[in-house]
Amino acid sequence: MEITAKTAQELRLTAEEFELIKQKLGRTPNFTELCAFSGMWSEHCSYKNSIRWLKTLPRSGGRMLVEAGEENAGLMDIGNGFGVVFKIESHNHPSAIEPFQGAATGVGGIQRDIFTMGARPIASLNSLRFGNIKDKKTQRLLSGVVKGIGHYGNCFGVPTVGGEVYFEEGYHTNPLVNAMSVGIVQAGKTVSATAEGIGNPVFFVGSATGKDGIGGASFASANITAESTEELPAVQVGDPFQEKKLLEACLEVIETGAVVGMQDMGAAGIICSTAEMSAKGKSGMHIDLDKVPTRQKNMKAWELLLSESQERMLIVVEKGKEAAVLKVFEKWDLPCSEIGHVTGDGLLKFYMHGELEAEIPAYELVLGGGAPQYTREYAAPDYLDNIAAFSQDSIEDIADTAALKAVAEQVIQIPNIASKKWITVQYDSTVGAANASTNAPSDAAIVLAKGTGKALAVTTDCNSRYVYANPHKGAMIAVAEAARNIVCSGGEPIGVTNCLNFGNPYNPGVYYQFVQAVNGMGEACRKFNTPVTGGNVSFYNQNPEGAVYPTPTIGMVGILDDFGTRTTLDYKETGDVILLIGEQQNDIASSEYLHKIKGVEFSPAPHFELDEEFAVQKFVTSIIKEQLIKSAHDISEGGLIVTLIEKGFHRGLGFDVAADAGIRLDAYWLGEAQSRVVVTATKEQAEAIKHKGASNHIPVTVLGTVTSGGVTVNGEGWGAISEWKDKYDNAIGNLLKASAGEIIEMGADMEPMELN
Amino acid sequence: MTYNIQIKVMPLKDLLDPQGKAVLGGLQNLGLTGVADVRIGKHITLQIDAESKEYAKQIAEEASKKLLANPVMEFFEIEMVD
Amino acid sequence: MKYGVVVFPGSNCDRDAQYALAEDMGKEVIMLWHKDKDLGMFTTDDCIILPGGFSYGDYLRCGAIARFSPMMQSVIEFANKGGKVLGVCNGFQILCESGLLPGVLLNNAHQQFVCNNVFIKTNNGEPLKIPIAHGDGRFFAEDHILDELEANNQVIFKYCDALGNIGTAFNPNGAVRNIAGIKNKNGNVFGMMPHPERATSAALSNTDGKKVFDILGLN
C-alpha cells in the first residue's frame, strides 16, 4: 500500500508529524514503521501536549533516587537501605467501554510498573470519578469498576488501602479510574528499563500476544476486511493469576544477577518497550517477531509491535546467564522466549520470516528524543466569569442550630461524603498483614513496610470542583490536602505522583485548566518539598457535551521513621478536649453544602493560602512529635461538622461543642476553607497546645469535649453518634438498593467517545 | 406453550480466556497432554412461555443480547430443545 | 512444633503466614513448593499450612486445580497419617476439594467479595476479631453431614458479634449454620475462612489470631 499523509492521519498523526517522520528517516516510512511512530508519538507515550509543562514541576531533589520520567515509576529513599517505588496511572477510556476489564487491567498495569523496577508492591489505592449515583449508567459503571479492581487486586494479593470516590454530573459519560501502587525495594536490587551490552539477549516473558488494543491502527490498515474486524478484541482481558506468577518470577530472576534491564509492556506494547529501553541504553535491538509467542494466527508485524496484550515483560539478560533466567520462568510455568539481541547502532530492526519489516532509530521514537513537543493555545474559559460573579450574600444563612441539624443529616449522606464501605469491603484491604489502618483509622492509610523498620503513609486526593473553580488554587489544594492527610497521620510527606485527567488539549479552555493546574501543583509541591516523581496524563476525557472537571489527582507518599508518631483520627476518651487548629473563615464557596444542598454550580474555590497551610501543617507535626495530641483529623468535604462526627465513629464516642465566632452559621459548620485540623487532647495537653499556638501565631480554638456517645451542638441535643453512623454508613448502599429493582443492562446505553 | 431453550455464552473467539488457560495448565499437569486448548463459558437454560417457537427464540435473543452475554466480550448461541 | 507453608501458584497469603508464624510467634517455618513432594522434614506433631490466595487463579472452582498438585498428594498422605494441617481461606477450599474435609465453599450469598473484620467463636470460647477476605466463603454441606459435624464437635468456629452472640446477622457470607471453620473427625485437619495470620501483631492493633492457633492446638 502507498503510505501518504492520509494514512498518517488515520493513524492519528498530523500531516506535519508525517513530514517530520519522513525527514527523520530520510525516506517515506512503510506501514509498520508508521504504526510504530503512531504508537510512540501518541499522547499516552510521548506526552507531546503536556511535557513542556510537566517539566516545570519539581522533578528532583529531596529523597529522590531517580529523576522523574527516567524510569517506569518514582523511586525514593526511605532509609535503612530501602527505597519506595510508586506511581499512579489512569485507565479511564477502557473503563468506560468495559468497566470490569478496563479497571482490572488498569490495576494490573500499574502493578507491573512497580515490580518491573524490582520492587514488591505492598499497597494499592484508587481514585474514581463517576456521574450521578442515582443514574442507571453510573451504577453499572460503578459496579463494574469496583468488581474489576477487586478481581485483579484481590487475586494479585496487594491490599487496597485507600483512595477516593466522587460522584459529579460531569463524569457521566467519562468516568475516571486512576490506580496507584506503592512498592518496596532494597537498595542495589533495583532494575532499570534499559538495554545495554551489545549482543545481550532480549527475552519476552509472560502471556502470548493477541490483537489486543490495536483497533485504531487496524482501521488504517488497507488490508482490513469486515471479517477481520470481528477478530479484533475491543477489550483487553486481564489475568491477575498470570501477573502474580510474573511478579514472583521477576523478583526471583533479579536475584540471579543476570538481568541488565527490564520493562513491562503496556501502551504501544513491544514497540514502546524496545524503543524506550534502547534509547535509554543508547543502543539498538535486533528482534525476530516470529519468536514472539502469539495467541492468534497470522499476526502482522505491525500488530505484534502495537499489541497491548496484558501481563508481558521484556528483559535484557547478560549474555551467558540465560540458563539461570530460563530456570526461574520454567519454575513458575511462564513462557519465556529469546526474541532478539541488543545492538550498538541505535536502530530498532524488526524481522519477520527473515525479512526486515521495520528499521527505525530508537531515539527518534521516544519522549526526550525525536518525539514532538507542543504548547497548545490556551485562554481562560468563559465559565470562570460565572464563578467570579458568585456572592455568598445571595445565599440565605441557616437559621439556627435546629435547622443546622437537619442540614447536617443531609450532608453526611451526600455520596461524596458518606461512607464508601459498600465499595471498599469488596477490596481485600488486609492481605499482606501490613495495613495498620484497618483497626486504627487515620487520614492517610498507614502501611507497614515490613523488614525496613519503617511505615508509609499513603493517600490520593483531588477535589476537582475546587480545580474547576480555580485551576491554580484547586491544584494547590489537592497537594496541600494530601500532605495534610499524611501530616495528621504522623508522617512526613516525601513525594508525589500525579494523574492529570483533563478534556481535549486542543480546546483552549481545557488547556488553560491544564496549564494553571500544573503551575499550582508545582508551586505547592515546592513548598512541601514533595517532588513529583512521575505519573500520567490523560487527555480527551471529553464528550460532545463538554469536558470532565479538571482532575489532577495527587498520589502522595509519606514516611514514618518512627511508628510511635503514628496518629489516628478517632476520639479516644470521654472528657478529652476538642481543639481546632487553624482559622475559621466566613466562606461557603465550593462546599458540598453549597453545591449539593443549595444547588449552586458556580462558586470560587474555598479559602486557601499556601503559607498559612504550611504553617498549620508544621504546627500539627510539632505537637504530634511532642506527644501533645491523642487524635487528628483534617477538615475537608462537608466542613467542621462532618469532621467532628467522623471522629466519633470508630469508638462510638460523641461530642459536645459550641460555636463562638461571629461568622455565618453555615460557613462555621459546613464551610470548606482549607488549613484546618481538629485534634483531641487531655486538659493538660490542651493547655500546652494553646500556649504553643499563641507563641507560634497559629490559631487554636477549644471547641468542646468528647462525650460517651451523645452529640450536642450549641447546647442542643443531636441524638447519639450511633444514629449518625447509621446514616453515614448506609447512605450509598440505600441509594443503590433503591434502584436495584430494575435490571442493569450490560452493554446498553453505550455512548461513543474520543479515545486517547 | 412453554419452550425449553439452551443458551451457550462463550468468550469471543480471539479474546484471552484466563480461566481456560489456567485449566489447560491444570489438565496438562495431570498428564493429559493431548489437550491443546480450553475455553470456558456459561450454559444457561430458559423456560419461555410464548405463542410460537419463533417468538420464544426472539425473547431468548433479546435476553442474550441485553443481559446474558456481554457483546463486548462474549458471543452466544441459542438452541431450542423441543 | 515446626510449620510448613505450601506455596501454590497464585497463593498470596503464604508470606503473611510465614511472617506471622516466624516473626510474630517465633516459630520455625519452611516454605514448600507445590511441585515438590518431600515432607520428610516433618513429623505428625508438625503442622502444614495451606495459605489463602487464589491458587491457579481460582479458575474453574476454588481449589480444584491445586488439589492435584504433587505437594497436595504428600499433604493428603501426611494428614492421613495424623499430621496436622490447617487450611485458611483458599486453603480451606483446597481441603474440601481434596476430600480431607467435608462440605464445599460456595460463592458468597450476596455474590460479592467481602473483606472485613468479623467475630468468630468456639462453642464455649470468647469472641475473636479476625479479618475475612473472600468471594467464595459460604460453607455448605448436607444436613446429615452438618448434624454429624456438630455432634462430633467438629465445628471449630461460628460467626458471632463482638459479644459472642451467634446469628445470621453476623454471618458475612451466608454460610450454613453460621459455620466459619471445621475440623475432620480425627481432629488433625482444620479449615477456616477467616485469616488468623492477619491478626498476630500489635502494630496492626489485633493479636486475636494468635489465640486461634492456641485454640486449635497449633501453637
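Residue numbers (numbering that gives the first Met the number 0), protein chains in the order written: chain A, 0 to 755; chain B, 0 to 81; chain C, 0 to 218. We put the CB at the ideal spot given by N, CA and C, even for glycine. Quick caveat, the model's predicted, so the values are computed rather than measured.
With residue i and residue j assumed to form a contact (beta carbons below 8 Å), what rounded beta-carbon distance in angstroms separates them?
| i | j | result |
| --- | --- | --- |
| residue 194 (chain A) | residue 306 (chain A) | Not quite, the Cβ-Cβ distance comes to about 20 Å (not below 8 Å), so this is no contact. |
| residue 113 (chain A) | residue 446 (chain A) | Not really, about 14 Å apart at Cβ, beyond 8 Å. |
| residue 37 (chain B) | residue 19 (chain B) | 4 Å |
| residue 519 (chain A) | residue 546 (chain A) | Not really, about 18 Å apart at Cβ, beyond 8 Å. |
| residue 253 (chain A) | residue 157 (chain A) | Not quite, the Cβ-Cβ distance comes to about 18 Å (not below 8 Å), so this is no contact. |
| residue 162 (chain A) | residue 126 (chain A) | 6 Å |
| residue 193 (chain C) | residue 119 (chain C) | 6 Å |
| residue 489 (chain A) | residue 566 (chain A) | 4 Å |
Going by beta-carbon coordinates alone, are residue i and residue j separated by less than 8 Å?
| i | j | result |
| --- | --- | --- |
| residue 147 (chain A) | residue 242 (chain A) | no |
| residue 594 (chain A) | residue 464 (chain A) | yes |
| residue 97 (chain A) | residue 71 (chain B) | yes |
| residue 575 (chain A) | residue 680 (chain A) | yes |
| residue 568 (chain A) | residue 699 (chain A) | no |
| residue 63 (chain A) | residue 367 (chain A) | no |
| residue 31 (chain A) | residue 2 (chain A) | no |
| residue 92 (chain A) | residue 104 (chain A) | no |
| residue 56 (chain C) | residue 17 (chain B) | yes |
| residue 461 (chain A) | residue 88 (chain A) | no |
Checking contacts by CB at 8 Å: is residue i closer than that to chain A?
| i | result |
| --- | --- |
| residue 71 (chain B) | yes |
| residue 125 (chain C) | no |
| residue 13 (chain B) | yes |
| residue 113 (chain C) | yes |
| residue 205 (chain C) | yes |
| residue 25 (chain B) | no |
| residue 118 (chain C) | no |
| residue 50 (chain C) | no |
| residue 177 (chain C) | no |
| residue 122 (chain C) | no |
| residue 78 (chain C) | no |
| residue 174 (chain C) | no |
Could you name the residues of chain C that residue i contacts, counting a contact when the two beta carbons are closer than 8 Å?
| i | result |
| --- | --- |
| residue 29 (chain B) | 67 |
For a contact meaning CB atoms closer than 7 Å, what does residue i contact in chain B?
| i | result |
| --- | --- |
| residue 240 (chain A) | 17, 21 |
Using DSSP's beta-bridge definition, name the partner residues of residue i.
| i | result |
| --- | --- |
| residue 159 (chain A) | A:123 |
| residue 103 (chain C) | C:139 |
| residue 263 (chain A) | A:312 |
Just the chain A side, please: which residues come within less than 9 Å of residue i by C-beta, in chain order?
| i | result |
| --- | --- |
| residue 158 (chain C) | None at all; the shortest Cβ gap to chain A is about 15 Å. |
| residue 53 (chain C) | 153, 154, 155, 156, 239, 240, 243 |
Would you verify that the beta carbon of residue i is, or is not, closer than 8 Å to some beta carbon of chain B?
| i | result |
| --- | --- |
| residue 745 (chain A) | Low confidence applies here, because residue 745 (chain A) scores a pLDDT of 32, under 50, leaving its location unreliable; read the following figure in that light. So yes, residue 745 (chain A) belongs to the interface. |
| residue 93 (chain C) | no |
| residue 751 (chain A) | Per-residue confidence for residue 751 (chain A) stands at a pLDDT of 31, beneath the threshold of 50, marking its modelled position as unreliable; no derived number is given. |
| residue 748 (chain A) | The pLDDT assigned to residue 748 (chain A) is 34, lower than 50, so where the model puts this residue is not dependable, and the model offers no usable value. |
| residue 104 (chain C) | no |
| residue 740 (chain A) | Caution is warranted here: a pLDDT of 44 is assigned to residue 740 (chain A), below 50, making its placement in the model unreliable, and the coordinate value is therefore given only provisionally. So, not an interface residue. |
| residue 162 (chain C) | no |
| residue 294 (chain A) | yes |
| residue 263 (chain A) | no |
| residue 210 (chain A) | yes |
Under 8 Å, Cβ to Cβ, is there at least one residue of chain D near residue i?
| i | result |
| --- | --- |
| residue 166 (chain C) | Checking the listed chains, one finds no chain D in this structure; the protein chains it contains are A, B and C. |
Can you find a C-beta in chain C that's less than 8 Å from the C-beta of residue i?
| i | result |
| --- | --- |
| residue 33 (chain B) | no |
| residue 40 (chain B) | no |
| residue 437 (chain A) | yes |
| residue 204 (chain A) | no |
Find the residues of chain A that neighbour residue i, judging by a C-beta separation of less than 8 Å, and give them in chain order.
| i | result |
| --- | --- |
| residue 197 (chain C) | 429, 430, 432 |
| residue 11 (chain C) | 154, 155, 156, 243, 430 |
At a CB-CB cut-off below 7 Å, which residues of chain C make contact with residue i?
| i | result |
| --- | --- |
| residue 447 (chain A) | 202 |
Listing by chain order, which chain A residues have their CB less than 7 Å from the CB of residue i?
| i | result |
| --- | --- |
| residue 2 (chain C) | Result: empty, since nearest Cβ-Cβ is about 16 Å, beyond 7 Å. |
List, in order along the chain, the chain B residues whose C-beta lies closer than 9 Å to that of residue i?
| i | result |
| --- | --- |
| residue 291 (chain A) | In chain order: nothing, as chain B lies at least about 15 Å away. |
| residue 236 (chain A) | 10, 14, 15, 16, 17, 72 |
Going along chain B, which residues have a C-beta under 8 Å from residue i?
| i | result |
| --- | --- |
| residue 97 (chain A) | 69, 71, 72 |
Please compile the residues from chain C whose C-beta is within a distance smaller than 9 Å of the C-beta of residue i.
| i | result |
| --- | --- |
| residue 512 (chain A) | Near residue 512 (chain A) there are no residues of chain C at all, since even the closest Cβ is about 37 Å away, more than 9 Å. |
| residue 331 (chain A) | 8 |
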